[in-house]
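A quick write-up on the structure given underneath.
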Amino acid sequence: PVSLESVSLSEGPRAFQAIGAWTQRHAASTMMLALAVASDNTVITNGRLLGQKAEAGENGTVQQRDYEFSPIGLTPPSFFVSEYAVLSRPAINVFHIPSHNGAAAEYALALEKDLPFITEWFGPPHEKVTVVEIPDGDAPFESGSMYFAPLSGLDRKQIEVAMAHQLAHACFNSPRPWISEGL
């Protein structure tokens, strides 16, 4: 359950204090998730896979996958299920609609361009950056080193900035939001 005292963002500091108190109270919270998906779908998540089993269903094989998100901290649990192609490079995985290979390559190239500069400052990545294509028109969002965005509509500089931000998350982890987002 989520509980937060009722505050308005127009209340300024009081609203941010309430959000900060809730974040601190639930920093060590965990979440368990069981997903049942068609076997031809790809599951992308920042949770840890605990186990999986296949079951025959009316419309084909269904995969039962159990995930744990622990501790949640500043990274909201995220998952996406769809039929994706993947462009995999040493520092990045880009999950995309199969016909968008060129756009996926733009994200990988932008990250690889940023990689020497970011690793010089923050050290090598502790995890891969994951980019997941979402439908055009949806606003991009992030969860740790995962980045969910439409792959079209941004120019090269905007993509490089987004990938530098995600790469900083992959290289340096802090429980303090002002450090994590500030880097």
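Residue 241, in the working numbering, is where the sequence shown stops; the numbers in between run on with no holes.
C-beta: ideal position from N, C-alpha, C; glycine also.
These figures come from a predicted structure and were not determined experimentally.
With respect to the beta strand (DSSP E) encompassing Ile150, which residues constitute its N-terminal and C-terminal limits?
Indexing the sequence shown from 1 puts residue 150 at position 92. Where Ile150 is concerned, the enclosing beta strand (DSSP E) stretches over Ile150 to His154.
Check for me: the beta strand (DSSP E) holding Gly118 runs from which residue to which?
Residue mapping note: residue 118 aligns to position 60 of the sequence shown, counting from 1. Element bounds for Gly118: Gly118 to Phe127.
For a quick check, are the C-beta atoms of Thr103 and Ser136 less than 8 angstroms apart?
Here residue 103 refers to the residue found at position 45 of the sequence shown. Here residue 136 refers to the residue found at position 78 of the sequence shown. In this structure, Ser136 lies closer than 8 angstroms to Thr103 by Cβ.
Can you tell me whether Asp172 is buried or exposed, with buried defined as 16 or more other CB within 10 angstroms of its CB?
Mapped onto the sequence shown, residue 172 falls at position 114. The residue in question, Asp172, is buried, as its Cβ has 16 or more Cβ neighbours within 10 Å.
Please classify Ser87 as buried or exposed, where buried requires at least 16 neighbouring CB atoms within 10 angstroms.
Here residue 87 refers to the residue found at position 29 when the sequence shown is read from its first residue. That one is exposed.
In the DSSP assignment, find the unbroken alpha helix (DSSP H) run with Phe230 in it and report its ends.
Within the sequence shown, residue 230 is the residue found at index 172, counting from 1. That residue, Phe230, is in no alpha helix (DSSP H); it is neither H nor E in DSSP.
Considering only residues of the same chain and omitting the five flanking positions on each side of Ile130, which have a CB-CB separation below 6 angstroms?
The residue given as residue 130 occupies position 72 in the sequence shown. Contacts found: Ser87.
Roughly how many whole angstroms lie between the Cα atoms of Leu91 and Gln110?
For the purposes of this step, residue 91 is taken as residue 33 along the sequence shown, with counting starting at 1. For the purposes of this step, residue 110 is taken as residue 52 along the sequence shown, with counting starting at 1. Leu91 and Gln110: Cα-Cα distance of roughly 12 angstroms.
According to DSSP, Glu113 sits in a beta bridge with which residue or residues?
The sequence position of residue 113 within the sequence shown is 55, counting from 1. Paired residue(s): Val120.
Rounded to the nearest angstrom, how far is the Cβ of Leu242 from that of Phe180, given a contact under 8 angstroms?
Residue coverage of the chain in this structure runs from 59 to 241, which leaves residue 242 outside it and unanswerable.
Should Leu169 and Leu225 be called a contact, given that it needs their Cβ atoms to be closer than 8 angstroms?
Locating residue 169 in the sequence shown gives position 111, where the first residue counts as 1. Locating residue 225 in the sequence shown gives position 167, where the first residue counts as 1. The answer is yes: Cβ separation under 8 angstroms.
Name the one or two DSSP bridge partners that Glu200 has.
Here residue 200 refers to the residue found at position 142 when the sequence shown is read from its first residue. Bridge partners of Glu200: Tyr205.
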